[in-house]
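Student: As numbered in the numbering used here, residues 5 to 278 make up the sequence shown, in order.
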Amino acid sequence: MKLSDIENLEIQLLLEAVYCRYGYDFRNYARASIRRRIIQFMQLVGAGSISEMIPMLIHDEVFFGQMVKEFSITVTEMFRDPAMFLALRNKVIPVLKSYPYIKVWHAGCATGEEAYSLAILMEEENLGKRTTVFATDFNDSALEKAKEGIFPLENVKKYSQNYQNTGGKYSFSNYYQANYGAMVVKSTLKETLTFANHNLVTDQVFTEAHLILCRNVLIYFNKELQEKVMQLFDDSLVHGGFLCLGAKESLLYSKHHDRFREIDAKNKIYQKIS
Ligand SMILES: C[S@@+](CC[C@H](N)C(=O)[O-])C[C@H]1O[C@@H](n2cnc3c(N)ncnc32)[C@H](O)[C@@H]1O
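1) In chain order, which continuous runs of the beta strand (DSSP E) of length 3 or greater are located wholly inside the segment 82-127?
2) Counting only runs of 4+ residues fully inside the segment 147-198, write out the alpha helix (DSSP H) ranges in chain order.
3) Let me check one thing: in DSSP terms, what residues is C24 bridge-paired to?
4) Let me make sure I understand the geometry here. Which of H260, K259, F45, V209 has the alpha-carbon closest to that of A111?
5) Give the straight-line distance between the Cα atoms of Q275 and L18, rounded to the nearest whole angstrom.
6) Is the CB-CB distance between K73 and S145 below 8 Å?
7) Is it true that the CB of E228 sits closer than 8 Å to the CB of N12?
8) Could you check the C-alpha separation between P98 and K173 for me, to the nearest Å?
9) Would you identify the three-state DSSP class for L255, choosing helix, strand or coil?
10) Do A114 and M85 have their beta-carbon atoms positioned less than 8 Å apart in this structure?
11) Identify the continuous alpha helix (DSSP H) that holds K73 and give its terminal residues.
12) Closest to A135 by C-alpha separation, out of I10, Y120, K252, V189, would be which residue?
13) Taking 8 Å as the cut-off, does the segment 210-218 touch the segment 101-111 (at least 3 CB pairs, one atom from each stretch)?
14) According to the neighbour-count rule (16 or more other Cβ atoms, all chains shown, within 10 Å of its Cβ), is N24 buried or exposed?
15) Judging by CA-CA distance, which residue of T192, Y180, A139, M88 is the nearest neighbour of E127?
16) By Cβ distance, which residues of its chain are closer than 7 Å to F67, with the 5 residues on each side in sequence left out?
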C-alpha cells in the first residue's frame, strides 16, 4: 500500500469514527480541504499520526469540539460581495414586498455578519417588522459570537464601504455603536434574527422559506453532498422562493437546475419555478 493510500484510509476511519460517535458527518466534505484541516489539527495538538487521534476523539468530547472548530472555516464579513446585496435589493426585495410575512433562512451564517447585513437591508426596505431571518450554523461557538453582535471596530471602514456599494440609504454608523474598540450592532436588528444550530448534512428541512442564502458553504462539500443539500433547499423553499449561492457556487451543473430560473447569473440568485 502506498503512503498516500494509508493516509486516505486513516482519514476515512477518522471521519467514520466521528460520525458513529457524534453524528457529525464530514465523510462527503471535499477531500482535499478536509485533509488539509485534519493535518493542521494534528499538528496543532501534536499528534504523531491521523490514526493516533481516533481514540482521543472517541473518548474526549472536548477534543472533538476543538476539531469541529478547526473544520469550520468562519471567514465572513458584513455585506460581503456588495453586488449580490444590490441585486437582492433591486430584483428580489420587490417580490418579497408582496408577502404579508417573510421568512429567510440563512444557512452557514458563521459569526453572523452576513445575517446582520440582511437585517439592515430588510429594515431599510421597511420589511424589518414582517421578516424573520433564521440564521443557522453547526458551529456553536460561532453562533455564540453571532448572538452577541459585537465585531472588531477595525472592520468598520471596510463594512461601511461595502454597505455604500449595496445602495445603502443612510450612514452605516446608524447601525452600530462604537464601544471600547468594538462595534456593537444596534439592538433592534436582533429582533429580526433568530440564531440556531442546524447541520446541513444531517438535519432535516428547517423552515418554509421565501429566501434562502447559503454562500461559501457548498464549496467545502463534494458533488454528492452538494446535491443532497440542494434537495434540502428545494424542499425548504416555497414556490417562487429565492436561493442565493456564493460567488464560486452554482446551480448550473446540479440536477435541480431545471427547477429554478436564473434571476442574476453573476450574483448566483435563482428562483424556484416548479
Ligand atoms: C466560510 S463560512 C461562510 C459564512 C457566510 N455565509 C459568508 O459567506 O460570509 C462557512 C460556514 O459554513 C459552516 N458549515 C460548514 N459545514 C456546515 C454544515 N454541515 N452545516 C451547517 N453549517 C456548516 C461553517 O461552520 C462556517 O461557519
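Beta carbons: idealized from backbone N, C-alpha and C, even for Gly.
In this text, all values refer to a predicted model and were calculated from it rather than measured experimentally.
Tutor: On the basis of the data shown:
1) 106-111
2) 160-169, 191-194
3) Counting from 1 along the sequence shown, the entry for residue 24 is found at position 20. DSSP output for C24 lists no bridge partner at all.
4) Here residue 111 refers to the residue found at position 107 when the sequence shown is read from its first residue. Minimum Cα distance to A111 is reached at V209.
5) Within the sequence shown, numbered from 1, the residue matching residue 275 stands at position 271. Within the sequence shown, numbered from 1, the residue matching residue 18 stands at position 14. Distance between the alpha carbons of Q275 and L18: 39 Å.
6) Here residue 73 is taken as the residue at index 69 of the sequence shown, counted from 1. Here residue 145 is taken as the residue at index 141 of the sequence shown, counted from 1. Yes.
7) Translated into the one-based positions of the sequence shown, residue 12 becomes position 8. Translated into the one-based positions of the sequence shown, residue 228 becomes position 224. Result no, Cβ atoms of N12 and E228 do not sit closer than 8 Å.
8) For the purposes of this step, residue 98 is taken as residue 94 along the sequence shown, with counting starting at 1. For the purposes of this step, residue 173 is taken as residue 169 along the sequence shown, with counting starting at 1. Computed Cα separation, rounded: 16 Å.
9) In the sequence shown, residue 255 corresponds to position 251, counting from 1. It is coil, neither helix nor strand.
10) By one-based count along the sequence shown, residue 85 stands at place 81. By one-based count along the sequence shown, residue 114 stands at place 110. Residue identity check: residue 85 is Asp in the sequence provided, not Met. Their beta carbons are not under 8 Å apart, which means D85 does not touch A114 by this criterion.
11) Position 69 of the sequence shown, counted from the start, is the residue given in the question as residue 73. Segment 65-75, the alpha helix (DSSP H) holding K73.
12) Within the sequence shown, residue 135 is the residue found at index 131, counting from 1. With the sequence shown as reference, residue 135 is identified as Thr, and Ala is not the correct amino acid for it. Among I10, Y120, K252, V189, the Cα nearest to that of T135 is on Y120.
13) yes
14) For this step, residue 24 is matched to residue 20 along the sequence shown. In the sequence on display, residue 24 carries Cys and not Asn. Exposed, by the Cβ-count rule.
15) Translated into the one-based positions of the sequence shown, residue 127 becomes position 123. Checked all of T192, Y180, A139, M88; the closest Cα to E127 is T192.
16) Residue 67 sits at position 63 when you count from the first residue of the sequence shown. Once the five neighbours on either side are set aside, the close Cβ partners of F67 are M60, L61.
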